[in-house]
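Step one of this worksheet: look at the structure below.
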Amino acid sequence: MDHRPARRRGLLTGLAAALLLTALLSGRTPARAAAPPFGAPLAGSPGPGSWFIGQWYGNTAWAHDNPYPAGQGLHFGVDFNTPCGTTVLAIGDGAVFAVDGPYGSAPHSVVIAHADGLFSLYGHLLERATLTPGQVVRVGDPIARSGDPAGRCDLDPHLHLEIRRNMMRETTNPVPLLRVDWHRATAGIRRNGTTFVRDLDNPARWLTIVDQPDVLFGGARLNDYPRSWP
Amino acid sequence: MRRRPARLAALLLVALLLTACVPGREAVTPRLVTPPPGGVRPTIIVLTSTAAPATTGLPGAPTPTLPPGATRAPTSPPNPSAPTRASTATNTLPRATKLTRDGCCALPRWLPDSAGIAFYGAAGQIDPRAGLWRVPQGGGTPQFLSPLYGTFSPDLGLVAYPDGGVTRLARLDGVVLATLPNGGRRAYLPATSDRVAWMAPANGVPVVSTSLDPPFQITIMQLDTGAISTPPAIFIGETIQWFPDGRRILVNGRDSRAEHPGLWVLDTVSGAATLIVESPWLESPLISPDGQRIVYTATLQRDAAANGVWIVNADGGGRQRLALTGGYRWLPDSGALLHIPAPTDRPNDELWRYNLADGARTPLVGAGQPPFTIAQNEWEVAPDGKAIVYRSATDGAIWSLRFAP
Ligand SMILES: [Zn+2]
Numbered sequence: 005m006d007h008r009p010a011r012r013r014g015l016l017t018g019l020a021a022a023l024l025l026t027a028l029l030s031g032r033t034p035a036r037a038a039a040p041p042f043g044a045p046l047a048g049s050p051g052p053g054s055w056f057i058g059q060w061y062g063n064t065a066w067a068h069d070n071p072y073p074a075g076q077g078l079h080f081g082v083d084f085n086t087p088c089g090t091t092v093l094a095i096g097d098g099a100v101f102a103v104d105g106p107y108g109s110a111p112h113s114v115v116i117a118h119a120d121g122l123f124s125l126y127g128h129l130l131e132r133a134t135l136t137p138g139q140v141v142r143v144g145d146p147i148a149r150s151g152d153p154a155g156r157c158d159l160d161p162h163l164h165l166e167i168r169r170n171m172m173r174e175t176t177n178p179v180p181l182l183r184v185d186w187h188r189a190t191a192g193i194r195r196n197g198t199t200f201v202r203d204l205d206n207p208a209r210w211l212t213i214v215d216q217p218d219v220l221f222g223g224a225r226l227n228d229y230p231r232s233w234p
Numbered sequence: 208m209r210r211r212p213a214r215l216a217a218l219l220l221v222a223l224l225l226t227a228c229v230p231g232r233e234a235v236t237p238r239l240v241t242p243p244p245g246g247v248r249p250t251i252i253v254l255t256s257t258a259a260p261a262t263t264g265l266p267g268a269p270t271p272t273l274p275p276g277a278t279r280a281p282t283s284p285p286n287p288s289a290p291t292r293a294s295t296a297t298n299t300l301p302r303a304t305k306l307t308r309d310g311c312c313a314l315p316r317w318l319p320d321s322a323g324i325a326f327y328g329a330a331g332q333i334d335p336r337a338g339l340w341r342v343p344q345g346g347g348t349p350q351f352l353s354p355l356y357g358t359f360s361p362d363l364g365l366v367a368y369p370d371g372g373v374t375r376l377a378r379l380d381g382v383v384l385a386t387l388p389n390g391g392r393r394a395y396l397p398a399t400s401d402r403v404a405w406m407a408p409a410n411g412v413p414v415v416s417t418s419l420d421p422p423f424q425i426t427i428m429q430l431d432t433g434a435i436s437t438p439p440a441i442f443i444g445e446t447i448q449w450f451p452d453g454r455r456i457l458v459n460g461r462d463s464r465a466e467h468p469g470l471w472v473l474d475t476v477s478g479a480a481t482l483i484v485e486s487p488w489l490e491s492p493l494i495s496p497d498g499q500r501i502v503y504t505a506t507l508q509r510d511a512a513a514n515g516v517w518i519v520n521a522d523g524g525g526r527q528r529l530a531l532t533g534g535y536r537w538l539p540d541s542g543a544l545l546h547i548p549a550p551t552d553r554p555n556d557e558l559w560r561y562n563l564a565d566g567a568r569t570p571l572v573g574a575g576q577p578p579f580t581i582a583q584n585e586w587e588v589a590p591d592g593k594a595i596v597y598r599s600a601t602d603g604a605i606w607s608l609r610f611a612p
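Those protein sequence lines, which keep their order, are chains A and B. Per this note's numbering, the very first residue in the first sequence carries number 5; after that it's consecutive. Per this note's numbering, the very first residue in the second sequence carries number 208; after that it's consecutive.
And the structure:
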C-alpha cells in the first residue's frame, strides 16, 4: 500500500502550520544580536560522563574516510556523544516541522522550524517523539530522548544536530549559531571526528570548527582530494 | 484537490516573505580566523606572564602541589584588560612564542632534539610551496623541508605517504625506499622503523552499523625483506598505535562482531590479541614512552564514577582512575602527564603536570600567564619535556610554549 500521497499532504500541512507559526514567532526574535541565536540541545556542562563532541560539522577525518554520499562527503551536523535516553532540548523558539520525516538520521528524528528560514534537525533519537507538526516549542523545551543510529544503544550513542535552510535542502555549520562553549566541548577527547582532514594542496582551508562549508544535499563531493592527511 | 495550488502558492509566499524579512546571515556569523592575504613576514611574538613571575610550578623547583582531587584554581583570575607584553627577547617563563603567521599552519611536531618544530602548510614569505617546514623553537624564518607528508619516523628521517593505490616510504628528499601495497592507506611506523603496519579492510565481514568504522585486519610489512604478515584478529576501530618495542600494537575498538569493546593489545609476532580493558566508549588512549602503561578516557559509563581519565598497565593490571579531566600527553620520563583541564570556566587554557606516583598536580601555565588557547587538541610535548607546541584557536598560527628552563 502506497502511503506517499497521504504522507505528503501531512508534511505540507505541517510545513504550512510551522511556517505560519514561525512567522508569528519571528516578531519576538531579538533584533540583530552579536550572540548566536540558538541555545544548546543538551543540558549541563560537557564532560566524559555527560556529553562531548564526537564529531564536528564539516570536513572531518571520519567523514573523509567514511564519506556521507548525500552530504558532499562532509559531516553535515554536529554529533554530541551522550548516553541513550538523555533529554534533548529545543535549541530555539519555533514550531515542529516534522516528526520522523524523510530527512535521514534514523531511527527517529525531529525537525523544528525557526525564524530566519532555519530548521533544526535532531537525529538518531531513541523513540518517536510525542510532538505533532505545527506544535509550538520554546527554547529549552524537552522534545525527545537521544539514542543511537543502530537503535541498540550499545554502539555509538549520540545526538546528531543539523541546522538546515533553503527549505531543508542545505545544511550549515551549527557551531557559529549555538551558544555553546565549543572550545571545551570535546572534553579533551581527540578522535577522527574531532580532527579535520587537510587538503595537502590547499592546506589552510576548512581546518577550524568555524570555517566549514555549507552542504547542498545531492551536490558533488567537496573533499575528494588528490593528496590529503590524515 | 483544486485548493492545493493555492495553498502551495500561499506557502511559498510566506516562505519568501520570511526569507526577505529576516536579518542577514552575517548577523550571526562569527569572526573567522583566516590568514591574511599575500605573504606576510612571520613576526616572532613572545608572550610572557603578566602576573607574578612563574617561579612556582616549574619542574625542579620546590613547588606547591595538590593532592588528587583537589580543586584549587592554579592562578589568579586573568585580567582581560591587562596588556600582554610582547617582545623578542625575554627569559621569563612560561613563555609563548608565535612561530608562524596567522592561519599558518597545522600538524606541528617536534624535531627529535627539541630545537625546532616541523609543521605542514605554506609558510614561506616568498616560497609558495605547501609542504613540511621547520622553524627553530624560539622562532625564526621557516625553512622548507619536504613536499611530502604522511607518517614520519621518530627521527623525522623517513616519511610514509599515500600515493594513489600505494604508500611510499621515502626519505624527505624524495628517494623512495619501499612501496607498500596497502591501497594508499595510512601507514604506521614504530619507533624501531624496521617495519610498517596498516589497517587493511576485512572484506566479507558484515558491517554491524555504518556509524562504526569498517572492520579491519592489521597487516605488517618488514622493510628489510618485504615480508608481509596479517595476524588473524579482526577489529572495528579508528586507529592503531605501536608500542615502543615495535612488536605490539594497541587497538582501541571492538571485535569483528562489534562485541567486546575496549583496549586490545595485538602481539604481531604470535598473533595473539588480548583485551586488556573491556569497556565501551574508551577514548584517546596513549601509550607511555617506556611502553609500560596506557592512559585513556572512559566516557558514557553507566557508573558515573567510572567516567574520566584512567591508567592501566600494558598487561591490563594496575588500573586506576586519575584525578584529572581534559586533554593529556605523556612526559618523556613516563612518570607524569601534562594535561589541559577541561571543562573550565577560564577564557584560556591552562597547562598542568600530573605526577603519577603520588597524584600531585602542579600548575605549569595558568590561564592568561601567558594566554593560550589550543585548537582541536593539536599539541605535542617537546622531547626534552620542557615545552609544548600547539596550533592556536585564536589566530590559527603555530606557537611554542616553554615552561621550564
Ligand atoms: Zn552525525
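All C-beta atoms in this analysis are idealised placements derived from N, C-alpha and C, irrespective of residue type, glycine included. Quick caveat: nothing in here was measured; it's all calculated off a predicted structure.
Within the region 81 to 101 of chain A, N85, T86 and P87 place their CB atoms closer than 8 Å to a CB of chain B, listed in sequence order. Assigned with DSSP and collapsed to three states, A154(A) falls in coil, not helix or strand. The beta-carbon of D218(A) is placed no less than 8 Å from the nearest beta-carbon of chain B. If you ignore the 5 residues before and after G372(B), its C-beta comes within less than 7 Å of the C-beta of G390 and G391, all in its own chain and listed in chain order.
Put simply, the CB of L159(A) is near chain B, with a gap under 8 Å to one of its CB atoms. At a cut-off of 8 Å between beta-carbon atoms, P361(B) makes no contact with chain A.
Scanning its chain for C-beta atoms nearer than 7 Å, with the 5 sequence neighbours on each side dropped, one finds around S360(B) the residues L396 and S400, in chain order. Unbroken beta strand (DSSP E) runs of no fewer than 3 residues, entirely contained in the region 146 to 224 of chain A, are found at 146 to 149, 162 to 169 and 174 to 176, following chain order. Considering only I456(B), L545(B), T417(B) and I324(B), the residue with the shortest C-alpha distance to T304(B) is I324(B). By the Cβ neighbour-count rule, Q76(A) is buried, with 16 or more other Cβ atoms within 10 Å of its own. G573(B) sits in coil when the DSSP states are folded into three classes, being neither helix nor strand. Under DSSP, the beta-bridge partners assigned to T386(B) are R375(B). Chain B places a beta carbon closer than 8 Å to that of W233(A), counting this residue as a contact. When 9 Å is used as the limit between beta carbons, Y327(B) is near these residues of chain A: R202, L204, P207 and W233, in chain order.
Judged by DSSP secondary structure, W340(B) falls within the beta strand (DSSP E) whose first and last residues are G338 to P343.
Membership of D69(A) in the alpha helix (DSSP H) is indicated by the continuous run A65 to D69. In chain order, I518 and N520 place their CB closer than 6 Å to the CB of R500(B), counting only its own chain and leaving out the 5 sequence neighbours on each side.
Under a criterion of Cβ atoms nearer than 7 Å, the residues of chain A adjacent to A511(B) are, in order, G53.
In the three-state reduction of the DSSP assignment, D83(A) falls in the strand class, which pools E and B.
Beyond the five residues adjoining it in sequence on each side, S491(B) comes within less than 7 Å, by CB distance, of Y503 and T504 in the same chain, given in chain order. Its Cα nearest to that of D205(A), the residue A329(B) stands out among S495(B), L544(B) and A329(B). At least 8 Å separates the CB of L130(A) from every CB of chain B.
Close to P153(A), with beta-carbon spacing below 8 Å, are these residues of chain B in chain order: S416, T417 and S418.
Within a 10 Å sphere around the beta-carbon of R225(A) sit fewer than 16 other beta-carbons, which makes this residue exposed.
Leaving aside the five residues that flank I447(B) on each side, the residues in its chain whose CB is nearer than 7 Å to its CB run, in chain order, Y395, A404, M406, I425, I456, L457 and V458.
The beta carbon of R609(B) sits no closer than 8 Å to any beta carbon of chain A. Short note on G138(A): C-beta not closer than 7 Å to any heavy atom of ligand 1. Under the Cβ criterion of 8 Å, T532(B) is counted among the residues facing chain A. Checking the DSSP bridge columns, you'll see F123(A) partnered with A117(A) and R168(A). With the criterion CB distance below 5 Å from any heavy atom of ligand 1, the matching residues run G81(A), D83(A) and H164(A) along the chain. Closest by C-alpha distance to D462(B), out of S232(A), I213(A), G62(A) and L159(A), is L159(A).
Separation of P590(B) and A102(A) (C-alpha to C-alpha, rounded to the nearest whole angstrom) is 54 Å. For secondary structure counted as the beta strand (DSSP E) over 3 or more consecutive residues, the region 491 to 528 of chain B holds these complete runs in sequence order: 500 to 505 and 515 to 520.
In terms of beta-carbon proximity, R168(A) stays away from the interface with chain B, with every pair separated by 8 Å or more. By the criterion of a C-beta distance shorter than 6 Å, P451(B) is surrounded in its chain by A398 and G498, once the five residues flanking it on both sides are discounted. Per DSSP, reduced to three states, the secondary structure at G75(A) is helical.
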